[in-house]
Every structure is written in C-alpha cells, then in structure tokens.
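Going by the working numbering, the letters in the sequence shown line up with residues 220 to 399, in that order.
All residues carry an ideal CB built from backbone N, CA and C; glycine is no exception.
Bear in mind that the values here come from a model prediction, so they are computed numbers and not experimental data.
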Amino acid sequence: MKDLYQYLKEQIVNLPITWRISRYHNKGIALGNKLGSLWEFIDPMVRALIYYFVFIVMFHRKVASNIPPAPWLVIGLGVWFFYSSSIMMGSNSVQAQISLFSKAKFPLSVLPTIEMFKNFENLFGMGIVGALVAIYRGYYPTLYYLQLPYYILALFMVTLAFSLLFSTLVVIFRDFFTYY
C-alpha cells in the first residue's frame, strides 16, 4: 500500500511537468508539418470516415434504436485510438527513455503518463466532434452526460494501469510486444 501512495504522490507532484513535456512533444511534432497540430485531429477523423464508409455505407450496418451510427463511431473510435496508442506508447516509454531520465532526478513511473497526455487532444477532439454530430442529428445532451467525468477518469486509470504494467514487462522481457 505504501508503494501505491508513493506512486500517486509522484504522479501528483510531477503533473505540471508531465503535462508540459507532453505539450512540448506535440508542438515539436507539429512544427515539421504544414498543417501543424491540425494533423492531430485530421488523422483520426480520416480514419473514422473510412470506417464509416466501409461499415455503414458499404455493409449497411445499423445501430440499435435507430440512433445514427456516426456519433457512436466517432466517439468509440476516439476512445479506442486513445486507449490503444496510449498503452502501446506508454508500454515502450520506460525502455525507450530510460537512459535519458535515469540521469535526472525524475521518476520513471511518470513516463507512461506523459505518453497518455500526448494522446489526450485526440480523445478530446473526437469526443467534441462526436457530440456535435449527435447534436446535429437531433440527439441533445441529457443528464447522462454528467457521467462523462467518471468515464473519462476510469479510462485514464485503466489506461495508466495497463501502461505501467506493460512498461514494466517490456523492461524485463523485451520480446513482450511480440506476444501483445
């Protein structure tokens, strides 16, 4: 239990630094592109449009209760893109950056959190686009939207737990991604 408290303390104490490192990384990637940080939103939206075209237009799939599939697809893919890329990048974060951060007085347990924060804009952007599409199609916010902070917190906790577990396994067993 003491280790859990130490881990949570490291996360809270280093939260501002973690957020800044992830922002600088995203800005550094965006500087090399003409569209800059717009690619963080364009890429997931293009993938969502491809899924929409393949599964909804070509295969005529329907969602239950006559709810339009576009908001479901955009929000669901946004969560999946966040979850999968955060876990994959977070799992490799300690192994890839151990030489850089081991020389500084910086806890290595924060590295998966940095990778998770890098993907937060995609999750937020896809959620906003999905909500706007739902509103456009006539599905307005209800009291159930008050559950969103809980679901987002649960998504962060599960993603962070798996990233931390897998990053430990990758350091011990480098071939872990072969079986993942």
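Item	Value
C-alpha distance - Arg242 paired with Ala249, whole-angstrom precision	11 Å
Within 8 Å, strictly: CB atoms of Gly349 and Gly297	yes
Of the listed residues Leu388, Phe336 and Gly251, nearest to Leu372 (C-alpha basis)	Phe336
At least 3 beta-carbon pairs within less than 8 Å: the stretch 300–309 vs the stretch 355–373	no
Alpha-carbon to alpha-carbon, Phe381 and Gly252	Looking at the sequence itself, residue 252 is Asn, so the reference to Gly does not match. C-alpha separation (whole angstroms): 31 Å.
Residue span of the alpha helix (DSSP H) that contains Val298, given as start and end	Pro288 to Phe320
For Gly247 and Leu327, the rounded distance between their alpha carbons	22 Å
Phe301 beta carbon less than 8 Å from that of Asn338	yes
Cα-Cα separation between Ile261 and Lys221, rounded to whole angstroms	43 Å
Beta-carbon proximity check, Ala353 vs Pro263, cutoff 8 Å	no
Closest Cα partner of Thr411 within the set Tyr358, Leu342, Tyr359 and Ile391	The requested residue 411 does not occur in the structure, where the chain is confined to residues 220 to 399.
Nearest to Glu340 (by Cα), restricted to the options Val232, Asn245 and Leu227	Asn245
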